[in-house]
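> This structure is in structure tokens; I'll ask about it shortly.
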Amino acid sequence: MVVVRAFFRLLVFIIAIGAIVVILGAGYWAFTTQNSEAAAAISVGDSSGLRSPENIEDFFIGLYLQSQAETINTPISDDPSPVPFTVEVGETAVSVANRLYELSLISDPDVFRRFLSYNGLDATLEAGDYELRRNMTMREVGETLQKANFEEVSITIPEGWRAEQVAELLTQQNIMDGAAFLAVVRQGVGVEHPLLADRPAGASYEGYLFPDTYRLPIKATPEDLIQRMVENMAGKIPANALDMAAGQGYTFYEILTVASIVEREAVVPAERPTIASVYLNRLAQGMYLQADPTVQYAMGYQTDSGQWWKTPVLLEEYSQVNSPYNTYLNPGLPPGPIANPGASSLSATLQPEQTDYLFLWAAAAKAHISSPLILPRTKPTSPLAAGGERANRRIGEWRMANKLEFTIRSFAIRHSEGGAMPDELIVLGSSSGLPTGRRFASGYALTAAGKLFLLDCGAPVSTLLYRYQLDPVDVEAIFLSHWHMDHVAGLGLFLSQNRLLKRLAPLTIYGPRGTRGKVRRLLSDSFLLADELGYPLELTNIECNESYQEALLQVTYFKTQHLERPRLKTQFGSKATSCGMVIDGPGWRIVYSGDLTSSQELGPYIEGCSLLIHEMAHLPPEEVATFAAAAKVPHVLISHIGPEFDEAPEKIVEAFAGIYQGKLTVAEDGTRVRL
């Protein structure tokens, strides 16, 4: 029995040994097969680069790699497009594998890393630039990364440069022929990439020359560099950038164009999203962009300074630069990008701040503005092109001689959701000639048929227009009732401020006899001539009982008797003329009393009046109430209020009670009356 047991033990032992031999033999056969099939493509110089199975770890790694033969030998796609790839000095195989995976050049970073490690190639990766393709197998990628191109050059392209500047730098650093590069950029052919899909036919590569540092083969062509720039841009912006642009209603090319303007405008990087919102809002409102950099781009090379970007641009040059890139004269976007924006400006334009700002205000860096200056606005302008016609202007972009001297910190003038301006009268100043603590001197803004006009100009008009959601450079014409200071004191400042705000459109001033000479003297006393304002100024002396047409507005002047001292004579030998006005708009009529001695002076002109603006500085309220009741005026606006009624407007209401049954409004600064 003992013998039998020993026999069976021996038999089991022999069978076990045989099984182990078979397994080891099969494994060795499999390993050698894997050696030749899975890794043999790696060859560096005279060595195959392969390891022999010196230890058990290698043995099992070999088995693992054999199981991954399909992954190793199958390209990730059939895309033959070159993909630039750089191995940095000291970079590990793990980092390289992960970056290759992120660029979709390999399908599995772990397999690739083990593949390199097994063949001893992880320690021999060469720092340098490579050109890979997605139709390469993992083994081909590994082989390529052993042969770095050390014959290379490096160039750094700053953000915001135009193509000509890049070309000059290429020539200066002996990278390549700058003229040849510029020719390829302007022709816009020879480079393919999905990011170029919505580029208009015939468009150049301006805008796509992504700013960065590039290491190039010493024999790189312009097409090679541009291809790398476009691919670099694609890798630095969101993968769905084209969809993000479409979500805003634009093509990527249009977003690129806006981003190029943002790049040239921005001084403080954090404000790029806000600047982008301003230009996108203006586009959405059908406004002129009025971007200074577009004018600079159109002006081109400045031989006197040797610069491509003229600084500053003179006021008259905004209307003199005849180019489709001049966004002061041409609506919408320029034909294409004006510079090459960086990732921050592209990101800011793809994801702008959500504002309703329409304008930029540049503040000097030495006078930082600590919080945004928000000035409301009710409508966008829809300007006409220049050339004698009314052109739109940018308010509040005050350019200093050196762009580095200021910081854009305030984004001014909102537009309301309501769209076009209603026909409306807005009281800018409701005081008489005597000062009060809460009212400005006489002045009114009138919006009619989408246009903006002023009646008298005694108040600081520009400031108050901002306060009441209006834009000073939108004013089409000013109608002056007479030349007492409480009606005209703000005129000189208004004219000067429109010059500083780069107004281009004509401005007409209507006033009583002597207005033309008075305005010219006012300007000369301020060391200005009318032709130095930067915009056409038309001055018209009125004759009473004549009508003047401005757009859809008709204004008829009539003479009133004002309180004058006989010794006050003008240089024309007569007393100062005071006038009232009949203002006819679409479906309404305003009668503006101006200053007078009796309401009865308005009698011949009151018929059909829908709003009577009556002064309360020279006659009692009971007289005005009696006249308005007899004339059946539906609405009376009492203004030009002196100290007697400033703190007690209820006295006016009490005086009208029982006499006048229509609508009575006692004006305050900011009172609005819909027409």
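Numbering-wise, the numbering used here comes out as the position in the sequence shown, counting from 1, plus 1. The beta-carbon is built from N, C-alpha and C at its ideal position, and this holds for glycine as well. For clarity, every value in this text was computed on a predicted model and none was experimentally measured.
With a CB to CB cut of under 7 Å and the five nearest residues on each side skipped, what residues in its chain are close to residue 18?
Residue numbering aside, residue 18 sits at position 17 when the sequence shown is read from its first letter. Answer for residue 18: no residue qualifies.
> Below 7 Å CB to CB, which residues in the same chain sit around residue 310 once its five sequence neighbours on both sides are set aside?
Mapped onto the sequence shown, residue 310 falls at position 309. Taken in chain order, the residues that qualify are 297.
> In its own chain, which residues sit with a C-beta less than 7 Å from the C-beta of residue 433, not counting the 5 before and 5 after it?
Walking along the sequence shown from the start, residue 433 turns up at place 432. Answer for residue 433: 487, 618, 641, 642, 643, listed in chain order.
> So for residue 440, helix, strand or coil by DSSP?
For the purposes of this step, residue 440 is taken as the residue at position 439 of the sequence shown. DSSP places residue 440 in coil when its eight states are reduced to three.
> By Cβ distance below 7 Å, which residues in the same chain neighbour residue 634 in space, the five residues on each side in sequence not counted?
Numbered from 1 along the sequence shown, position 633 holds the residue referred to as residue 634. The residues are 607, 610, 613, 663.
> Along the alpha helix (DSSP H) that carries residue 488, what are the first and last residues, could you check?
The residue given as residue 488 occupies position 487 in the sequence shown. Per DSSP, residue 488 belongs to the alpha helix (DSSP H) from 486–489.
> If you compare alpha carbons, which of 116, 78, 535, 349 is closest to residue 95?
The residue you call residue 95 lines up with position 94 of the sequence shown. A check of alpha carbon separations from residue 95 across 116, 78, 535, 349 identifies 116 as the nearest.
> DSSP state of residue 387, grouped into three classes?
For the purposes of this step, residue 387 is taken as residue 386 along the sequence shown, with counting starting at 1. Because residue 387 carries a pLDDT of 32, less than 50, the predicted location of this residue cannot be relied on, and the following value inherits that uncertainty. Coil.
> Could you pull the start and end residues of the alpha helix (DSSP H) that residue 582 belongs to?
For the purposes of this step, residue 582 is identified with residue 581 of the sequence shown, where counting begins at 1. Per DSSP, residue 582 belongs to no alpha helix (DSSP H); it is in the beta strand (DSSP E), 579–586.
> Would you kindly report the start and end of the unbroken beta strand (DSSP E) that includes residue 477?
For the purposes of this step, residue 477 is taken as residue 476 along the sequence shown, with counting starting at 1. Where residue 477 is concerned, the enclosing beta strand (DSSP E) stretches over 476–480.
> For residue 78, name the three-state secondary structure that DSSP assigns.
Along the sequence shown, read from residue 1 onward, the residue named residue 78 stands at position 77. Coil.
> If I follow the unbroken alpha helix (DSSP H) through residue 348, where does it start and stop?
Numbered from 1 along the sequence shown, position 347 holds the residue referred to as residue 348. From DSSP, the alpha helix (DSSP H) with residue 348 extends over 344–351.
> Whole angstroms is fine: what's the gap from residue 665's alpha carbon to residue 626's?
For the purposes of this step, residue 665 is identified with residue 664 of the sequence shown, where counting begins at 1. For the purposes of this step, residue 626 is identified with residue 625 of the sequence shown, where counting begins at 1. Their Cα atoms are separated by approximately 9 Å.
> For the pair the region 266–283 and the region 303–322, tell me if three or more CB-CB distances fall below 8 Å.
no
> Can you find at least 3 beta carbon pairs, one from the region 155–165 and one from the region 336–350, that sit closer than 8 Å?
yes
> Of all the beta strand (DSSP E) runs that stay within the bounds of the region 101–145, which reach a length of 3 or more residues?
129–134
> When the Cα atoms are used, what is the spatial distance from residue 448 to residue 258?
As a first step, residue 448 is located in the sequence shown; it is residue number 447 there, counting from the start. As a first step, residue 258 is located in the sequence shown; it is residue number 257 there, counting from the start. Taking the CA atoms as reference points, residue 448 sits about 34 Å from residue 258.
> Taking its Cβ as the centre, do 16 or more other Cβ atoms sit within 10 Å of residue 68, making it buried, or is it exposed?
Taking the sequence shown and counting its residues from 1, one reaches residue 68 at position 67. Its Cβ having fewer than 16 others within 10 Å, residue 68 is exposed.
> Count the other C-beta atoms from every protein chain shown that fall within 10 angstroms of the C-beta of residue 173, then say buried if there are 16 or more, exposed otherwise.
Within the sequence shown, the letter at position 172 stands for residue 173. Exposed, by the Cβ-count rule.
> Would you list the residues sitting across from residue 542 in a DSSP beta bridge?
Residue 542 sits at position 541 when you count from the first residue of the sequence shown. Beta-bridge pairing links residue 542 to 512.
> Can you tell me where the alpha helix (DSSP H) holding residue 225 begins and where it ends?
Taking the sequence shown and counting its residues from 1, one reaches residue 225 at position 224. Counting along the chain, the alpha helix (DSSP H) containing residue 225 begins and ends at 223–237.
> What separation, rounded to the nearest whole angstrom, lies between the Cα atoms of residue 284 and residue 253?
By one-based count along the sequence shown, residue 284 stands at place 283. By one-based count along the sequence shown, residue 253 stands at place 252. If you take the alpha carbons of residue 284 and residue 253, they lie about 15 Å apart.
> Assign residue 244 to buried or exposed, taking buried as 16 or more other Cβ atoms, counted over all protein chains shown, within 10 Å of its Cβ.
By 1-based counting over the sequence shown, the position of residue 244 is 243. It is exposed - the Cβ of residue 244 has fewer than 16 other Cβ atoms within 10 Å.
> Return the first residue and the last residue of the beta strand (DSSP E) that residue 425 is part of.
Position 424 of the sequence shown, counted from the start, is the residue given in the question as residue 425. Unbroken beta strand (DSSP E) run through residue 425: 425–430.
> I'd like to check one pair, residue 561 with residue 595: are the Cβ atoms closer than 7 Å?
Reading the sequence shown from its first residue, position 594 is the one you call residue 595. Reading the sequence shown from its first residue, position 560 is the one you call residue 561. In this structure, residue 561 lies closer than 7 Å to residue 595 by Cβ.
> Which one of 584, 353, 445 has the shortest CA to CA distance from residue 548?
Here residue 548 refers to the residue found at position 547 when the sequence shown is read from its first residue. It is 584.
> Would residue 593 pass as a contact of residue 543 if the rule is Cβ separation under 7 Å?
Along the sequence shown, one-based indexing puts residue 593 at 592. Along the sequence shown, one-based indexing puts residue 543 at 542. Contact: no.
> Does the beta-carbon distance from residue 473 to residue 465 come in below 7 Å?
For this step, residue 473 is matched to residue 472 along the sequence shown. For this step, residue 465 is matched to residue 464 along the sequence shown. In this structure, residue 465 does not lie closer than 7 Å to residue 473 by Cβ.
> Give me the Cα-Cα distance between residue 106 and residue 64, rounded to the nearest whole angstrom.
Here residue 106 refers to the residue found at position 105 of the sequence shown. Here residue 64 refers to the residue found at position 63 of the sequence shown. Between residue 106 and residue 64, the C-alpha separation is close to 24 Å.
> Give the straight-line distance between the Cα atoms of residue 295 and residue 262, rounded to the nearest whole angstrom.
One-based indexing of the sequence shown puts residue 295 at position 294. One-based indexing of the sequence shown puts residue 262 at position 261. Cα to Cα, the separation comes out at about 7 Å.
> Which residues mark the beginning and the end of the beta strand (DSSP E) in which residue 86 is found?
Looking up residue 86 in the sequence shown gives position 85. Note, residue 86: beta strand (DSSP E), 83–88.
> Output the boundary residues of the alpha helix (DSSP H) element that contains residue 675.
The residue given as residue 675 occupies position 674 in the sequence shown. Element bounds for residue 675: not the alpha helix (DSSP H) but the beta strand (DSSP E), 673–675.
> Who pairs with residue 590 in a beta bridge, going by DSSP?
Taking the first residue of the sequence shown as position 1, residue 590 is located at position 589. DSSP, once it has assigned bridges, lists 585 as partnering residue 590.
> Kindly indicate the opening and closing residues of the alpha helix (DSSP H) around residue 627.
In the sequence shown, counting from the first residue as 1, residue 627 sits at position 626. 622–632 is the extent of the alpha helix (DSSP H) around residue 627.
> Per DSSP, residue 615 forms a beta bridge with which residues?
Numbered from its first residue, the sequence shown carries residue 615 at position 614. Beta-bridge pairing links residue 615 to 639.
> Determine the extent of the beta strand (DSSP E) in which residue 457 is found, giving its start and end residues.
To locate residue 457, count along the sequence shown from 1; it is residue 456. 452–458 is the extent of the beta strand (DSSP E) around residue 457.
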